[in-house]
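Novice: Got a structure for you, written out below as structure tokens; questions coming shortly.
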Amino acid sequence: MPSTNHPSISDWLVCSETSASDNGAHVQTITEMCRPSNLSSTLAREIEDARFHPQLIADYAKVLGVQSASDLVHSFLPKGTTIRRGYFGEVLAASCLRDFDHCWIPVQKLRSMITSDQSLPGIDVLGAHVADDRFEALIFVEAKLRTVRDRRVVLDAAIELIADFERRYPSILHFAATELMKTQDPMYQPFLDYLKRREQRETEDLPYVYLVQEKGLWSEDDIELLEDLVPLPNGFRISIVEIDDLGDLVEDAYSAVGILVDDDDDE
């Protein structure tokens with residue numbers, strides 16, 4: 007698996023064993039174990055890494071010093087830059103994939119986002135199981151963030167994910183290949199090899215929904231709404247991430263990197 011240099015969220019969150027629901031969905035619960043004193047800086051780093059390549063930040067720090075490098079990176083953001091609150095759900099979903107599922111994230115969508123309403127085609131997060139420099143599976147993630155009760159959110163996310171999943175995501179796969187090629191990533195050729203095996207139906211794609219929401223909002227009854235979608239795709243999983251005071255935490259994390267929330271809803 008490609009090397010990574012990220013702060014771990016495992017000092018903050020704990021992941022439960024995945025259980026199967028009656029309709030075939032696998033459900034994983036991720037909850038707060040404790041709230042470390044350095045959580046704000048950890049989340050700020052996660053957002054920075056999602057926005058800027060960590061090697062670039064590290065190289066700046068070597069030649070400029072840590073503070074000057076941080077100031078320079080923040081200056082790249084146009085004055086008044088805003089990001090939708092929902093993008094925090096994507097960042098946290100990628101972090102959970104990395105730390106709890108031991109996945110590699112081939113591309114970061116936020117690094118290509120210039121304005122708050124710009125979005126890349128396809129899914130929210132693309133993850134990969136990699137062993138011995140070989141792609142074993144791709145994980146396609148639809149992430150939702152909610153600070154208020156929304157009984158349909160899991161159903162809406164599943165409908166969107168399954169519809170795109172059945173189209174096999176040509177746009178996001180092309181984007182991932184292009185980014186790996188442009189950065190001369192050593193995983194570019196293994197990714198192409200995976201695409202060839204994928205075309206021959208020799209690989210496994212996994213559809214995951216991540217619901218990042220205020221603690222106490224989740225209800226097991228919400229899964230019953232998925233009955234109309236049965237049979238669900240193989241490997242379909244719902245990960246519920248429950249966090250206290252989620253809205254405030256998102257704003258604090260964005261503020262730490264000089265980004266403002268551009269609206270009051272969760273999209």
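Mapped onto the numbering used here, the consecutive letters of the sequence shown carry residue numbers 7 to 273.
For every residue, glycine included, the Cβ atom is placed at its ideal position computed from N, Cα and C.
So what does PRO213 bridge to, in DSSP terms?
Specialist: PHE146
Novice: Could you work out which residue in VAL20, LEU198, ASP170 is closest to PHE106 when comparing CA atoms only?
Specialist: VAL20
Novice: Where DSSP assigns a beta bridge to THR37, which residues make up the other side?
Specialist: VAL20, GLU248
Novice: Look at the Cβ atom of VAL278, then the Cβ atom of GLU185, and state whether they are nearer than 7 Å.
Specialist: The structure shown does not extend to residue 278, since the chain spans only 7 to 273, so no value can be given for it.
Novice: Report yes if the CB atom of LEU144 is closer than 7 Å to the CB atom of ASP250, and no otherwise.
Specialist: no
Novice: Between the alpha carbons of ASP65 and GLY71, how many angstroms are there, rounded?
Specialist: 9 Å
Novice: Using the rule of at least 16 other Cβ atoms within 10 Å of the residue's Cβ for burial, across every protein chain shown, is LYS150 buried or exposed?
Specialist: In this structure LYS150 is buried. Its beta-carbon is surrounded by 16 or more other beta-carbon atoms within 10 angstroms.
Novice: For TRP18, collect the residues of the same chain with a Cβ closer than 8 Å to its Cβ; drop the 5 residues on either side in sequence, then sort them by chain order.
Specialist: GLU38, MET39, CYS40, ARG41, PRO42, LEU45, THR48
Novice: Would you call the stretch 207–221 in contact with the stretch 239–246, where contact means no fewer than 3 C-beta pairs closer than 8 Å?
Specialist: yes
Novice: Determine the DSSP secondary structure at GLY253, reduced to helix, strand or coil.
Specialist: helix
Novice: What are the complete beta strand (DSSP E) segments, minimum 3 residues, inside the stretch 148–211?
Specialist: Listed in chain order, there is nothing to give.
Novice: Quick check: the Cα distance between GLU172 and MET187, rounded to an integer number of angstroms?
Specialist: 26 Å
Novice: Quick check on the burial criterion: 16 or more other C-beta atoms within 10 angstroms. Buried or exposed for GLY92?
Specialist: buried
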